[in-house]
Structures are given as C-alpha cells and as structure tokens.
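Data first, discussion second: the structure below is written as structure tokens.
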C-alpha cells in the first residue's frame, strides 16, 4: 500500500471513529452537549500530549505557528457551537447536509486560493459524489425537514469552521509532529470554550453515564480520531482528507441501523454506497500536499503508528 493510500485509510479510520459520536452523545442531555464538546477537547489534548511524550512543551513554537494554531483552535471550537446550534434550529438532516456537506467544498476552495491552482479532477468527482450521497442519506428518509434561516446560516458557518481547522492542521503539521500540533490546537480550543462550558454545563455530566460518555468522546472521538485525521491530512492534503470524512455520517447511519435497529430507506442505502465510492475515488487520486516535501520536525512522530501510540 502506498503512502497516500495509507494516509487516506487513516483519514477514513478517523471518520469512522467520529461516526460513533452521535450514538454516544445521545447518552448526554441536549443542554449539556455543547459543554461536553468543550470538555472532550481538553481530554483529547491530554491524550495527544501523552502520545507526543511531552514534545509540545519542548517544541520550538515560532511566530509562523501562531496563525494556524489560532485558526485551528477557532475552527475546532466554533464548529461545535455552530453545528449544535444549527441542529437545534434546523434539525439534524439540514445541519448535516449543509454543515458537513459544504466542508470539503470550502476546503477545496481555500486550498485552491492558497496554492493558486484548482483541485484535481479526482477530488472534484469524489467530492460531488460524496455530497450527493450525503444529501440522499440526509433527506431520503421520507420525513419532512425543518427550514430555518438561522439554522441554515449556522450550518454554513459550521462548514467554514470545519474546513478552516483542516487547513490549519495541514499548515501546523508541516512543521510539527501530528500529536504535537494537535495538542496545541485542542488545548487552545478547549480554553476558548471554557466560558461556554461554565455557562452551559450541568450536574448531569457528573453522573456515571455522563462521565463515561464524555470520557469516550474525549479519548476516542477527539484524541484518536483527530490524530488519524491529521496523519491523513499531512500526506494527502486537507481537501482530500475532508472529503473522506464524509464517511462519518454514513458510518453513524449504519451503526444506528445495526445497533439501534433504525430503519434506513433504499435511498439512504444508495447514499451510503455513493459516499463509499467517493472515498475510494478520492483515496486513489489524492496527491501529497506541497508542504509535505519540507519534512522537518513533523517527521519525528511519523514512527509512531496508530496501533501502538495509545498504549
């Protein structure tokens, strides 16, 4: 397996872990989910700090790191607030289709502007196929959808935040190891969300169910998943990696159908197949980003494999 295909598989594995977020978040009350999102960033930062073996404290952070560090933190914190707000106003279907579906489009456009070249045909075909499949998955359930102008606006904002964090991760991992870069981004993101946590958190998060749910979200759907996602980004670029993460809602739907016995329509299954095909197209045609050629400190953590770093 080539390095780009391993990177695509890594991004897909991160998306699969994100696909478990919804069922676990269901264990947490709606009013506590934004606070749980902030807490999981802090837990994820601690997990990745341990993976990096304290390197974030020993790394030489420069002024050039400030932009992607802040951009990534704002993106990762802003996405959670905007996305959960969109769900409350517009429902899950619209929020998922717009908030997640537009993310690869924004990322591709931002990458094109930065590199002054259009994304390749493989990315365009893969993204169009994935977005089409996502729309089928979101809207082909036969249920009515809720339209809200505020919800639509928050969904678009969520997509911009998600793509912004991906571009920032690509920039920061070009100079630092994956775990080191993510530790900084997640820690600063948790700090930005501290006021939100203080205002919205309730005692329900201290129950055994709340504690176990937040712990899982922090360790698995933040620490492990973002690490896998970043490993994909560094070798295939933010645009391709974000397209691959559209596997997340497909994985969540399959989990709901198998574990929770939810019924999926033929159209939704067709959407899942389209997303799977899009991931294959994107993974096979992805190319390493130009920044990857610079090597540098990022190579230090390349020796740590996902199967061994969490021990």
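Residue numbers (the numbering used here): 42 to 352.
Beta carbons: idealized from backbone N, C-alpha and C, even for Gly.
All values reported here derive from a predicted model rather than from experimental measurement.
Review point. The alpha helix (DSSP H) spanning residue 302 covers which residue range?
Key: Counting along the chain, residue 302 falls outside any alpha helix (DSSP H), and DSSP gives it neither H nor E.
**Study point:** Environment of residue 200 [buried if 16+ CB atoms lie within 10 Å]
**Key:** Answer is buried; the Cβ neighbour count reaches 16.
Point to revise | Span of the alpha helix (DSSP H) around residue 234 | key: Residues 219-241.
Review point. Would the beta-carbon of residue 314 be found less than 7 Å away from any heavy atom of the ligand SAH?
Key: The model depicted lacks the ligand SAH and carries no ligand whatsoever.
**Study point:** Other residues of its chain near residue 123: CB distance less than 8 Å, five sequence neighbours each side excluded
**Key:** Excluding sequence neighbours, residue 123 sits near 140, 195, 196, 198, 199 and 202.
Point to revise | First through last residue of the alpha helix (DSSP H) which encompasses residue 102 | key: Segment: none, residue 102 is in no alpha helix (DSSP H) and carries neither H nor E.
Review point. Can you name the start and end residues of the alpha helix (DSSP H) that residue 63 belongs to?
Key: Counted as a single uninterrupted DSSP element, the alpha helix (DSSP H) harbouring residue 63 occupies residues 62-66.
Practice item. Let me know if residue 369 comes out buried or exposed under the rule of 16 or more other beta-carbons within 10 Å of its beta-carbon. Key: No information on residue 369 is available, as it lies outside the stretch 42 to 352 that the chain covers here.
Exercise for review: Compute the Euclidean distance between the alpha carbons of residue 63 and residue 70, then round it to the nearest angstrom.
Suggested key: Distance between the alpha carbons of residue 63 and residue 70: 12 Å.
Check your understanding: Between residue 278 and residue 51, what straight-line distance do the alpha-carbon atoms span, to the nearest angstrom?
Key -> Our two residues, residue 278 and residue 51, have alpha carbons roughly 12 Å apart in a direct line.
Point to revise | Beta-carbon proximity list for residue 57, same chain, < 7 Å, skipping 5 on both sides | key: The answer, listed in chain order, is 288 and 292.
Exercise for review: Quick one: using the 10 Å Cβ neighbour count with 16 as the cut-off for buried, is residue 54 buried or exposed?
Suggested key: Per the 10 Å Cβ criterion, buried.
Exercise for review: Would you kindly work out how many angstroms separate the C-alpha atoms of residue 151 and residue 206, rounded to a whole number?
Suggested key: Straight-line Cα distance between these residues: approximately 12 Å.
Point to revise | Length of the line joining the Cα atoms of residue 103 and residue 121 | key: Roughly 28 Å separates the two Cα atoms.
Check your understanding: DSSP three-state call for residue 69: helix, strand or coil?
Key -> Looking at residue 69 - three-state DSSP - the assignment turns out to be coil, as it is neither helix nor strand.
Review point. From residue 136 to residue 95, what distance separates their C-alpha atoms?
Key: Rounded to whole angstroms, residue 136 to residue 95 spans 37 Å at the Cα level.
Review point. If you follow the alpha helix (DSSP H) that residue 249 is part of, which residue opens it and which one closes it?
Key: Taken as a continuous stretch (DSSP letters only), the alpha helix (DSSP H) holding residue 249 covers 249-259.
Review point. Grouping DSSP H, G and I as helix and E and B as strand, with all else coil, what is residue 189?
Key: Three-state result, residue 189: coil.
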